[in-house]
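Structure, as structure tokens:
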Amino acid sequence: IELAHHPSLGVEWGLILLSVGVAVAGIWLATRWYAGAHAFEIPARVAARYPRLYALVANKYYVDEAYNATVVKPLAAVSRFSWKGLDTVAIDGTINAMAFFTEITGDMLRFIQTGNVRNYALMVLAGALGAVAWLLL
Numbered sequence: 031i032e033l034a035h036h037p038s039l040g041v042e043w044g045l046i047l048l049s050v051g052v053a054v055a056g057i058w059l060a061t062r063w064y065a066g067a068h069a070f071e072i073p074a075r076v077a078a079r080y081p082r083l084y085a086l087v088a089n090k091y092y093v094d095e096a097y098n099a100t101v102v103k104p105l106a107a108v109s110r111f112s113w114k115g116l117d118t119v120a121i122d123g124t125i126n127a128m129a130f131f132t133e134i135t136g137d138m139l140r141f142i143q144t145g146n147v148r149n150y151a152l153m154v155l156a157g158a159l160g161a162v163a164w165l166l167l
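In this note's numbering, the protein residues as written are 31 to 167.
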């Protein structure tokens, strides 16, 4: 089921002819203004007569400036915050804290790992006696 109605064939052909006419007029105007012996005289006169229009067109309707102000700068600010605030502080800080606590725990437990089997057996016995005492009390 198609809900949208298509324009009639006459409307489509009218739009086709209009767009082709605009393209041909643009080509003709560009050839007249920028080709031949007196090239660039007409654009210079138009620029002198309509300086604001010339500045608007020369600056590409300020699309780049608007895009930079509305898209690029806000995204750059969010990216900078994500990098400095989230990545550097939160993620790197968490990883570095885990590494620090692992190092501290290893330093505290280093004395237990001596390589002497008698010490290991004594620790197992002490742990077993501690577990029995905890269960009985």
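No residue lacks a Cβ here, since even glycine has one placed at the ideal position from N, Cα and C. Note that the structure is a prediction, hence the values are computed from the model and not measured.
Handout entry: Beta-carbon gap between Trp63 and Pro73 smaller than 8 angstroms
Key = If you number the sequence shown from 1, residue 63 lands on position 33. If you number the sequence shown from 1, residue 73 lands on position 43. Going by C-beta atoms, Trp63 is nearer than 8 angstroms to Pro73.
Problem - C-alpha distance - Arg110 paired with Ala77, whole-angstrom precision - result: Numbered from 1 along the sequence shown, position 80 holds the residue referred to as residue 110. Numbered from 1 along the sequence shown, position 47 holds the residue referred to as residue 77. A straight-line Cα-Cα distance of about 42 angstroms links Arg110 and Ala77.
Practice task
Give the C-beta separation of Met153 and Ile142 to the nearest angstrom, bearing in mind that I take them to be a contact with Cβ-Cβ under 8 angstroms.
Solution key: Walking along the sequence shown from the start, residue 153 turns up at place 123. Walking along the sequence shown from the start, residue 142 turns up at place 112. Between the beta-carbon of Met153 and that of Ile142 there is about 7 angstroms, and that keeps the pair under the 8 angstroms contact cut.
Handout entry: Any alpha helix (DSSP H) of 4 or more consecutive residues that is wholly inside the region 32-90
Key = As for any alpha helix (DSSP H) of minimum length 4 sitting wholly inside the region 32-90, the runs are 39-64, 71-79 and 81-88, ordered along the chain.
Practice task
Whole angstroms is fine: what's the gap from Leu51's alpha carbon to Arg79's?
Solution key: Within the sequence shown, numbered from 1, the residue matching residue 51 stands at position 21. Within the sequence shown, numbered from 1, the residue matching residue 79 stands at position 49. A small fix is needed here, since residue 51 is Gly in this sequence, not Leu. Gly51 and Arg79 have their C-alpha atoms spaced approximately 27 angstroms apart.
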